[in-house]
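Numbering (our numbering), first residue to last: 3 to 98.
Spelled out as structure tokens, the structure:
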């Protein structure tokens, strides 16, 4: 049986050369054809979380019977308002 012949390692893969197109740093530097796509992506990033959370809250209210949240302070805190805050700012002696 003949001895195996040594094989040469494959040539290293050449790295692709970077394009000569500058990378834009602000949306104003984008070419005009990318502007509609940028608007759609921004709209998607903003609107999708709002739609998910609001639909989940509607689901909880309609199907699970959860009550609506209300922005009313607890009753025990409403009775403990300090009179000094209602009458106005505190009076300080003026420097001459």
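Note that CB positions come from ideal geometry on N, CA and C, so glycine has one too.
Item to check | Element boundaries [alpha helix (DSSP H), containing residue 128] | outcome: Summary: the structure shown does not reach residue 128, with the chain confined to residues 3 through 98, and so no result is reported for it.
Next on the checklist: Given a cut-off of 8 Å on the beta-carbon distance, is the pair residue 26 and residue 32 in contact?
Outcome noted: yes
Checklist entry - For residue 13, which three-state DSSP category applies? => result Under the three-state reduction of DSSP output, residue 13 falls in the coil class, being neither helix nor strand.
Item to check | Three-state secondary structure assigned by DSSP to residue 77 | outcome: helix
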